[in-house]
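Visitor: Below you'll find the structure I mean.
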Amino acid sequence: MSDNHADRGTSLEDDLNASNLYYKERKTALIYKKPTPIQVVSVDYPRRGRAKITEAYYRTPSTTDYNGLYKGHYIDFEAKQTQNRTSFPKYLIQPHQIEHLKMVHEQGGIGFFIVRFTKLDKTFLVDALEMIAAHEDQARQSIAYEWFETHGDLLETGLYPRIHYLKAVDRRYLKGDKN
Numbered sequence: 004m005s006d007n008h009a010d011r012g013t014s015l016e017d018d019l020n021a022s023n024l025y026y027k028e029r030k031t032a033l034i035y036k037k038p039t040p041i042q043v044v045s046v047d048y049p050r051r052g053r054a055k056i057t058e059a060y061y062r063t064p065s066t067t068d069y070n071g072l073y074k075g076h077y078i079d080f081e082a083k084q085t086q087n088r089t090s091f092p093k094y095l096i097q098p099h100q101i102e103h104l105k106m107v108h109e110q111g112g113i114g115f116f117i118v119r120f121t122k123l124d125k126t127f128l129v130d131a132l133e134m135i136a137a138h139e140d141q142a143r144q145s146i147a148y149e150w151f152e153t154h155g156d157l158l159e160t161g162l163y164p165r166i167h168y169l170k171a172v173d174r175r176y177l178k179g180d181k182n
């Protein structure tokens, strides 16, 4: 999810998990963090009833970080963060994530990226197809911060929920939806 975990305070993932719990408790949405599939190779048992995985490998690339339901609509998104102040490194987006979000769109689902620029304390929601186009079309190895200001929705942050991304989902995808 991140290109640098040092000195970042709360992670984007922690904030999204807290926001999703807030949404679930208020019966606003049901959004879950998807587990990363691993193949356990070795387990140590330091104490009775306690198991510690000492070696494991990723079985298959996971699809995206989160999915669920909101107002009767399927939502699927990937969360990314960077310490970079001026651009978002393209290598943070994996080919299987692009393919998955394209398929979500083809099936009528709502797919997007939530991208945080940690040093700027700015978090954006960007439509998956727009992000994929920028990822595939730009000659650079990164996407400029200014692109996010133009193409993304700057997300409100606070205490409850920490990231109010469903407001941006409403604005961008569900205009006039009465669900």
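Residue numbers for the sequence shown, in my numbering: 4 to 182.
C-beta atoms are modelled at their ideal positions from N, C-alpha and C, and glycine is treated no differently.
#1: When you compare the segment 90 to 101 with the segment 138 to 153, are there three or more beta-carbon pairs, one atom per stretch, that lie closer than 8 Å?
#2: Give the straight-line distance between the Cα atoms of H99 and G161, rounded to the nearest whole angstrom.
#3: For a quick check, are the C-beta atoms of F115 and K83 less than 8 Å apart?
#4: Is the beta carbon of Y35 less than 8 Å from the beta carbon of P164?
#5: For R11, I'd like the list of residues in its chain whose CB is within less than 8 Å of its CB, leaving aside the five on either flank, ordered along the chain.
#6: At the level of alpha carbons, what is the spacing between L15 and R119?
#7: I need the DSSP call for Q42, collapsed to helix, strand or coil.
#8: Can you name the start and end residues of the alpha helix (DSSP H) that L177 belongs to?
#9: To the nearest angstrom, report how far apart R29 and D130 are at their CA atoms.
#10: Which residues in the same chain have their Cβ closer than 7 Å to the Cβ of L132, if we skip the five residues on either side of it in sequence?
#11: Quick check on N87: does DSSP put it in helix, strand or coil?
#12: My output table needs one value for D10: the three-state DSSP class, helix, strand or coil.
#13: By DSSP, does D124 sit in helix, in strand, or in coil?
#14: Using DSSP with H/G/I as helix, E/B as strand and the rest coil, what is E58?
#15: Within the segment 100 to 162, note down every full alpha helix (DSSP H) run reaching 4 residues or more, in order along the chain.
#16: Helix or strand or just coil, what does DSSP make of D47?
Guide: Put simply:
#1: yes
#2: The sequence position of residue 99 within the sequence shown is 96, counting from 1. The sequence position of residue 161 within the sequence shown is 158, counting from 1. Taking the straight line joining both Cα atoms gives about 32 Å.
#3: Locating residue 115 in the sequence shown gives position 112, where the first residue counts as 1. Locating residue 83 in the sequence shown gives position 80, where the first residue counts as 1. No, Cβ-Cβ distance for F115 and K83 is not below 8 Å.
#4: Looking up residue 35 in the sequence shown gives position 32. Looking up residue 164 in the sequence shown gives position 161. Contact flag unset, no.
#5: As a first step, residue 11 is located in the sequence shown; it is residue number 8 there, counting from the start. Because R11 carries a pLDDT of 39, less than 50, the predicted location of this residue cannot be relied on, and no value is offered for it.
#6: In the sequence shown, the residue the question calls residue 15 occupies position 12. In the sequence shown, the residue the question calls residue 119 occupies position 116. Looking at the two C-alpha atoms, the distance is approximately 7 Å.
#7: As a first step, residue 42 is located in the sequence shown; it is residue number 39 there, counting from the start. Reduced to three states, the DSSP call for Q42 is strand.
#8: Residue 177 sits at position 174 when you count from the first residue of the sequence shown. Element bounds for L177: n/a, residue is neither H nor E.
#9: Counted from its first residue, the sequence shown places residue 29 at position 26. Counted from its first residue, the sequence shown places residue 130 at position 127. Roughly 25 Å between the two C-alpha positions.
#10: Translated into positions along the sequence shown, residue 132 becomes position 129. Result list for L132: H108, in chain order.
#11: For this step, residue 87 is matched to residue 84 along the sequence shown. Correct three-state label for N87: coil.
#12: Locating residue 10 in the sequence shown gives position 7, counting from the first residue. Model confidence at D10 stands at a pLDDT of 37, short of 50, so the residue's coordinates are unreliable; what they give is reported in the following sentence. Here D10 sits in coil by DSSP.
#13: Stepping through the sequence shown from its first residue, residue 124 is reached at position 121. Looking at D124 - three-state DSSP - the assignment turns out to be coil, as it is neither helix nor strand.
#14: By one-based count along the sequence shown, residue 58 stands at place 55. Here E58 sits in strand by DSSP.
#15: 131 to 140, 148 to 154
#16: The residue given as residue 47 occupies position 44 in the sequence shown. D47 falls in the strand class under three-state DSSP.
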